[in-house]
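Take a look at the structure below.
In the working numbering, the protein residues as written are 7 to 221.
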């Protein structure tokens with residue numbers, strides 16, 4: 007029978023392995039883009055998918071290290087983990103329902119970043135109980151990053167003409183941009199609300215150290 011210590015070790019190791027593997031996939035794909043003559047890191051790492059996948063990977067590695075150390079999960083880590091989970095839900099839903107197959111990466115890379123990683127991160131959030139219920143008054147934490155990302159993308163689109171996704175092209179006009187940005191904001195908030203609601207579910211793997219409580 008599995009002991010609490012063995013469950014903690016398994017969860018921690020799995021998180022670190024998944025996070026490291028996702029980083030390796032992203033860096034491998036960047037190496038492919040360099041070989042193809044597209045070495046600009048600001049373009050490659052300007053994609054919402056790549057940035058949020060790196061964020062989620064970093065969170066997994068940190069959360070895995072906390073689990074291996076058998077420490078309580080800090081409140082800030084639960085919030086960042088929740089936000090990262092929400093972002094990957096948005097990535098998975100938009101890519102697989104609205105713009106499927108539009109990426110330039112190899113199909114297996116798209117599958118990893120748009121299906122496998124979001125599914126594993128969401129599963130980790132649902133199953134592992136080392137996160138307490140996130141307060142609804144803190145749902146706003148999911149918004150700063152996407153807002154900054156959109157602003158940077160729009161500035162780049164207006165200056166050097168590069169945008170990661172066609173619906174953000176300046177020539178589409180202000181109404182189209184406003185509509186799509188509003189849609190992205192709503193999608194992030196809805197995904198965040200789902201993640202916040204799921205944080206109230208007691209995970210099946212409940213033998214990890216209890217999360218820190220917010221003061």
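Ideal Cβ positions, reconstructed from N, Cα and C, are used throughout, including at glycine.
Looking only at its own chain, which residues have a Cβ that is under 8 Å from the Cβ of residue 36, when we skip the five neighbours before and after it?
Here residue 36 refers to the residue found at position 30 when the chain shown is read from its first residue. Within the same chain, and ignoring the five residues on either side of residue 36 in sequence, the residues whose Cβ sits closer than 8 Å to its Cβ are 47, 50, 51.
Using DSSP with H/G/I as helix, E/B as strand and the rest coil, what is residue 86?
As a working mapping, residue 86 is identified with position 80 in the chain shown. Here residue 86 sits in helix by DSSP.
CA-to-CA distance, residue 167 to residue 2, given in whole angstroms
Residue numbering for the chain in the displayed model covers 7 to 221; residue 2 lies beyond these limits and cannot be assessed.
Taking contact to mean 3 or more Cβ pairs, one atom from each stretch, closer than 8 Å, check whether the region 132 to 150 and the region 110 to 120 are in contact.
As far as the Cβ criterion goes, the region 132 to 150 does not touch the region 110 to 120, which means the pair count is below three.
With residue 74 and residue 12 assumed to form a contact (beta carbons below 8 Å), what rounded beta-carbon distance in angstroms separates them?
The count along the chain shown starts at 1 and reaches residue 74 at position 68. The count along the chain shown starts at 1 and reaches residue 12 at position 6. Here residue 74 is actually not in contact with residue 12; their C-beta atoms are around 12 Å apart, not less than 8 Å.
Cβ pair residue 126, residue 97 closer than 9 Å
To locate residue 126, count along the chain shown from 1; it is residue 120. To locate residue 97, count along the chain shown from 1; it is residue 91. Taking 9 Å as the Cβ cut-off, residue 126 and residue 97 do not qualify as a contacting pair.
Over the uninterrupted alpha helix (DSSP H) stretch that includes residue 136, give me the two end residues.
Within the chain shown, residue 136 is the residue found at index 130, counting from 1. Element bounds for residue 136: n/a, residue is neither H nor E.
Provide the residue span of the alpha helix (DSSP H) that contains residue 148, from first to last.
Here residue 148 is taken as the residue at index 142 of the chain shown, counted from 1. No alpha helix (DSSP H) holds residue 148; DSSP gives it neither H nor E.
Going by DSSP, what residue range makes up the alpha helix (DSSP H) through residue 22?
In the chain shown, the residue the question calls residue 22 occupies position 16. 10 to 41 is the span of the alpha helix (DSSP H), which, as asked, contains residue 22.
Can you check the region 53 to 103 for any alpha helix (DSSP H) of at least 4 residues that lies completely inside it and give the ranges in chain order?
54 to 74, 81 to 103
Out of curiosity, what's the CA-to-CA distance linking residue 161 and residue 172?
Here residue 161 refers to the residue found at position 155 of the chain shown. Here residue 172 refers to the residue found at position 166 of the chain shown. Inter-residue distance for residue 161 and residue 172 is about 15 Å (C-alpha atoms, whole angstroms).
Between the CA atoms of residue 39 and residue 45 - distance to the nearest angstrom
Numbered from 1 along the chain shown, position 39 holds the residue referred to as residue 45. Numbered from 1 along the chain shown, position 33 holds the residue referred to as residue 39. So the alpha carbons of these two residues sit roughly 6 Å apart.
Would you call the region 65 to 82 in contact with the region 148 to 155, where contact means no fewer than 3 C-beta pairs closer than 8 Å?
By the Cβ test, the region 65 to 82 is not in contact with the region 148 to 155, since fewer than three Cβ pairs between them sit closer than 8 Å.
Which term fits residue 221, buried or exposed, when burial requires 16 or more other beta carbons within 10 angstroms of its beta carbon?
The residue you call residue 221 lines up with position 215 of the chain shown. Caution is warranted here: a pLDDT of 44 is assigned to residue 221, below 50, making its placement in the model unreliable, and no coordinate value can be reported.
Can you tell me where the alpha helix (DSSP H) with residue 49 in it begins and where it stops?
Indexing the chain shown from 1 puts residue 49 at position 43. Residue 49: member of the alpha helix (DSSP H) spanning 47 to 50, first to last residue.
Is the distance from the Cβ of residue 93 to the Cβ of residue 123 below 9 Å?
Translated into the one-based positions of the chain shown, residue 93 becomes position 87. Translated into the one-based positions of the chain shown, residue 123 becomes position 117. Cβ atoms of residue 93 and residue 123: not closer than 9 Å.
For residue 88, the nearest candidate out of 143, 148, 34 (CA to CA)
To locate residue 88, count along the chain shown from 1; it is residue 82. Closest option to residue 88, Cα to Cα, is 148.
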